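Worksheet for the structure shown next.
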Amino acid sequence: MNNLNWASDQPIVSLKNVHKSFGDLEVLKGVSLDVMQGEVICIIGPSGSGKSTLIRCINALNDIQSGSITVEGQEVHDPKLNKLELRKKVGMVFQQYNLFPHKTALENVMMAPVLVLKQNKDDVARLAQTLIRKVRLDGKEHNYPGELSGGQQQRVAIARSLAMNPQVMLFDEVTAALDPETVKEVLVTIKDLAAEGMTCILVTHEMGFAREIADQIYFTDGGVIVEHGPPETFFSRAKDPRTKEFLSQIL
Amino acid sequence: MEFVWEWFYWLYDVHGIKLTIFYDEWDRNRFIRGMWTTFHLSALSIFLSIVIGVAGAWLQMSNLVWMRRIVQAYIQFFRNTPPLIQLYFFYFAVDAALSQLFGITGGVLGSYGWAVVSLSFFAGAFNVEIFRAGVESVPRSTTEAAEALGYTRLQIYRYVTLPLAFRVCLPSLNSNLINLLKTTTVAYAIAVPETLYVANQIWSDEYNVFEMMNVVWIVYIVFVGFLVWLMHRWEKSIKIPGYGN
Amino acid sequence: MGEVHQDTGVRKLNVRGTSRHVHGAKTDLPVIKPFVIGNAGGRYIEGMLEFTFQWRIGVALFLTLAGWMMIDAAHAQVQGDPEQTIFQTLIKWTPLMFWGPSGEFGGFILNIVVSFISMALGTFFGLWVGIGQVSPNRHLRRFCWAITQLFRNSPWLVLLFYFMLLLPFSLQFGDIRVDIPGWTKATFALSLPIMANVSEIVRGAIASIPTGQWESAESLAFSRTQTMWRVILPQCIKRMIPPWMNWYCILTMSTPLISILGVNDGMTLTQNALAAEGRSEFLIPMYLWLMLWFFVYSYPIAMWTRRLEHKFAIES
Ligand SMILES: Nc1ncnc2c1ncn2[C@@H]1O[C@H](COP(=O)(O)OP(=O)(O)OP(=O)(O)O)[C@@H](O)[C@H]1O
Ligand SMILES: [Mg+2]
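Protein chains in written order, with our numbering: chain P, 23 to 273; chain B, 41 to 285; chain A, 20 to 335.
Shown next, in the form of structure tokens:
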């Protein structure tokens, strides 16, 4: 799985001057950003500024018009790229959980390793149990998504992505659809992951959480990255007026 | 026109594709009459089936339990028995019984008449259910408002419920009427000279089964396409902004 | 262009509280209880049939039958042929109408067999054509769409004529000649509109699955085939079952059409029986008798379909 052209002192995810349009609407207008292995970065910005689009381009759910995106040194938007290889490396969790409603929690977690990685079913079952425990859902393995709360479903979704043993995790506003009380349990799960050294790219509106967990914070607006920096300086010493305005509204 | 007829004759002469309905006046005329029969048979049945549907949906709102049961029985009978047997039942059995009853010789209605009756009852049974679903989609508050304004029950049905219900149930009505048009072909079985029947006559006379079969198929596809187009235009034209999707 | 004969959804409102009482009615006949369910608006909707089999209906039916048999017997007496009551005549012809001539395959059973095989064929091919309709390959998608529209919009009888007359009567394999029985060709012809309508059901069901399901499967590195068969289609099955059953009823109701093309089905044999008797007073009872078989077969399926529809509507 490791790419020979890539060494761990280079960025694991790297975007260079990425342009993306939906028809006539240009959503990303030259975005560049680097993420080192083990780094946690948070992307914030107003609604419609292209955060979801940006994150979806990283695992090729959306294509791009120009620029380059590399994961472990491999060009994502190379037409010759094996998308399956990419997606084994990059896990993604969605705002709406998107669990498979016809499978139990455990089956949701087990499905991809069995079908895609062709791993032994018993091994996968053991791994899935471990992951379910890790997201603190022991006892809920055999429940269907419909029988779980939003927060629980979201944690199953996280476990489901982790089962592929990804190098990078993408989170797109994973707490936006949750009640305030259940937000915390999901954030704790993500924090555990970050503490273990998982590379995470998060889109979030939880500023407190971002400040606590992020190594770098990126502010996007109108399809560009307006400014970025470590949380200590970002929140207190924002330079750009757009950032200031956004922060003043949200904090 | 002559030029077109001649081209089809050439097609036969040189390639053996025998489309007599284009160059033989006798065949052409009877085929056109057949299509015309399909057209008015469908139009008449569509009209009557809608009348039955509207009336049935009205009766289903009746306070009389027995009235509702009769309508229900009518619907279930026509939905769960084959349309072809319904047609035979009317044309052979009911006609004979009525003739006997009234002492008429030579039948009460001809094959065309019974085809209309049978097809209308058949499609009407579906229409009752379609309209009823539409009627139920009209919010109670709307009809109550009309009631408060002093409308009678019939007036509410005519001026408030039906116009709103109609728009909701048009998509299902569309498909039922299209199905009715397709079902008019069963009238073949009692020798109503509609498209399929005259085509059969032509291919028996001219030995051009293959050509005529394809012509018939195309003709029906065109008919159905035309009805679909018509209904969609109608659907669009009576659409109320913000009501029903 | 929607589904033909799609069920029209909501049933009789129980506004006036009628027939609630049948719940507790004592009866010695099978009771089809109205099922009371709530819809999204919290209104109560009543089950499909208001006229349930109450004991009074049972008695009424029994009395009608007894009365009819008495009149029937008297009438036969007057006609001077006491052996030939309508009832006896019906019984006499029933085996032929039901099983077909001895040693041959025919009668009402043939209608049912044809409906089974057509449905199986139509469902199998319809599934593939339906999946083809959402294929990423534009040409395949167009092709499957065209096939679907063509067979959905053709009259069934025209399709029957087309394939009965244009398919060969027999096949020659070297020295061996194999006859193709008419009913197999009819079965094939009837499976085509079923294929088209199943294809539409499949396409509609796939389209109704939220795109999030596709995306999450994609981001888990599932291939398109895996996504389709493991994630999307299993979720479709439930919503496909009621319209599929509905089409089965419509198909069964269309099987007598094969009698027009000379297949010895229940309809043909009933007509033969009527011709053999040659008396007009047999017409109504004989046709009703045959229709009753179809009714008894189709009505429970229709009712079950409706039940499922409501159940699924409430669950989702
Ligand atoms: N599939 C699509 N087709 C066309 N336009 C799209 C599509 N997806 C997103 N857009 C448009 O792209 C722009 C950016 O959308 P995006 O979802 O990336 O915003 P966002 O920053 O994630 O917003 P939010 O905070 O509301 O989730 C929006 O104007 C949106 O309307
Ligand atoms: Mg978003």
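The beta-carbon is built from N, C-alpha and C at its ideal position, and this holds for glycine as well.
Here the structure is a predicted model, which means the values were calculated and not measured.
Between which residues of its own chain and residue i is the CB-CB distance below 8 Å, once the five residues before and five after are set aside?
i	result
Y119(P)	P167, G172, Q175, Q176, V178, A179, A199
L302(A)	L293
W45(B)	F62, Y63
F268(P)	I66, G67, P68, F241, D243
W263(A)	T142, V217, I220
G56(B)	none
T224(B)	T78, L81, S82, S85, A155, L159, E234
I136(A)	T206, S210
A51(P)	Before going further, note that residue 51(P) is Lys rather than Ala in the sequence given. Excluding sequence neighbours, K51(P) sits near H41, G244, G245, V246.
Could you pull out every residue in the same chain whose Cβ sits closer than 7 Å to the Cβ of residue i, ignoring the five residues on either side in sequence?
i	result
A173(B)	C209
H40(A)	With a pLDDT of 27 at H40(A), under the threshold of 50, the predicted position of this residue should be treated as unreliable, and no value is reported.
K58(B)	Y52, E246, N248, E251
L55(P)	L37, Y240, I247
L327(A)	I260, P261
C79(P)	V40, K42, I86, I91
F127(A)	M116, F117, G285, W312
G21(A)	The predicted position of G21(A) is uncertain, since its pLDDT is 37 and thus under 50; a value taken from the coordinates is nonetheless stated next. Hits under 7 Å: none found.
I19(P)	This structure gives no information on residue 19(P), because the portion of chain P shown stretches from 23 to 273.
Y197(B)	W98
Per DSSP, which residues does residue i bridge with? Please list them.
i	result
E48(P)	S43(P)
Y240(P)	I65(P), H250(P)
M58(P)	Answer by DSSP bridge pairing: none, since M58(P) is not bridged.
F192(A)	I195(A)
I91(P)	L37(P)
G126(A)	D284(A)
I261(B)	Answer by DSSP bridge pairing: none, since I261(B) is not bridged.
C222(P)	V62(P), M191(P)
V53(P)	V40(P)
Counting only the same chain and skipping the five closest in sequence on each side, list residues whose C-beta sits under 6 Å from that of residue i.
i	result
F70(A)	Only weak support is given to the placement of F70(A): the predicted model assigns it a pLDDT of 45, under 50, and the value that follows is read from those uncertain coordinates. Correct list: empty, nothing qualifies.
S278(A)	D284, M286, T287
V232(B)	S151, Y152, A155
L267(B)	I218, L221
V23(A)	Because V23(A) carries a pLDDT of 37, less than 50, the predicted location of this residue cannot be relied on, and no value is offered for it.
P163(P)	It should be pointed out that residue 163(P) corresponds to Glu in this sequence rather than to Pro. Hits under 6 Å: A127, L128, I154.
T104(A)	D91, A92, A95
G60(A)	Here G60(A) scores only 33 on pLDDT, less than 50, and its place in the model should not be relied on; the value that follows carries that caveat. Same-chain partners within the cutoff: there are none.
V49(P)	K42, G72, T75, G245
C64(P)	L224, T226, A232, A236, I239
For residue i, is the beta carbon positioned less than 7 Å from some heavy atom of ligand 3?
i	result
F144(A)	For ligand 3, the structure offers nothing, since it holds only ligand 1 and ligand 2.
Is residue i close to chain D? Criterion is C-beta to C-beta, closer than 8 Å.
i	result
W74(A)	Checking the listed chains, one finds no chain D in this structure; the protein chains it contains are P, B and A.
Checklist entry - Residues in the region 179-191 of chain P with C-beta within 9 Å of chain A's C-beta atoms, listed in sequence order? => result A179, R182, S183, A185, M186
Next on the checklist: Quick check on the contact list: which residues have their beta carbon closer than 7 Å to a heavy atom of ligand 2?
Outcome noted: K73(P), S74(P), Q117(P), D194(P), E195(P), V225(P)
Checklist entry - Of all the beta strand (DSSP E) runs that stay within the bounds of the region 93-171 of chain P, which reach a length of 3 or more residues? => result The DSSP assignment places 112-115 as complete runs of the beta strand (DSSP E) inside the region 93-171 of chain P, in order along the chain (cut-off: 3 residues).
Item to check | Residues within the region 253-275 of chain A neighbouring chain P, beta-carbon criterion of under 8 Å | outcome: Residues passing the 8 Å Cβ filter: P253, Q254.
Item to check | Contiguous alpha helix (DSSP H) assignments of at least 4 residues, all confined to the region 96-125 of chain B | outcome: 105-119
Next on the checklist: Can you pull out the residues from the region 230-241 of chain A whose beta carbon lies closer than 7 Å to at least one beta carbon of chain P?
Outcome noted: Residues passing the 7 Å Cβ filter: G231, Q232, E234, S235, E237, S238, L239, A240, F241.
Item to check | Start-end ranges of the alpha helix (DSSP H) lying completely within the region 131-217 of chain A, minimum 4 residues | outcome: 157-171, 175-185
Next on the checklist: Just to confirm the assignment: which complete alpha helix (DSSP H) runs, minimum length 4, are found wholly within the region 174-230 of chain B?
Outcome noted: 180-188, 193-196, 202-223
Checklist entry - According to a CB-to-CB cut-off of less than 8 Å, which residues of the region 108-129 of chain B neighbour chain A? => result R108, R109, Q112, A113, Q116, F117, R119, N120, T121, P122, P123, L124, I125, Q126, Y128, F129
Item to check | chain B contacts from the region 304-321 of chain A (Cβ-Cβ distance under 7 Å) | outcome: For the region 304-321 of chain A, the residues whose beta carbon sits under 7 Å from a beta carbon of chain B are, in order, Y306, L309, M310, F313, F314, S317, Y318, A321.
Checklist entry - Whole alpha helix (DSSP H) runs in the region 42-79 of chain B with 4 or more residues, listed along the chain? => result 42-55, 60-63
Checklist entry - Which residues, taken in chain order from the region 173-200 of chain A, show a beta carbon closer than 9 Å to some beta carbon of chain B? => result Residues are counted here when their Cβ sits less than 9 Å from a Cβ of chain B; for the region 173-200 of chain A these are S173, P174, W175, L176, V177, L178, F180, Y181, L184, L185, given in chain order.
Item to check | Entirely enclosed alpha helix (DSSP H) segments - the region 236-281 of chain A, minimum 4 residues | outcome: 252-273
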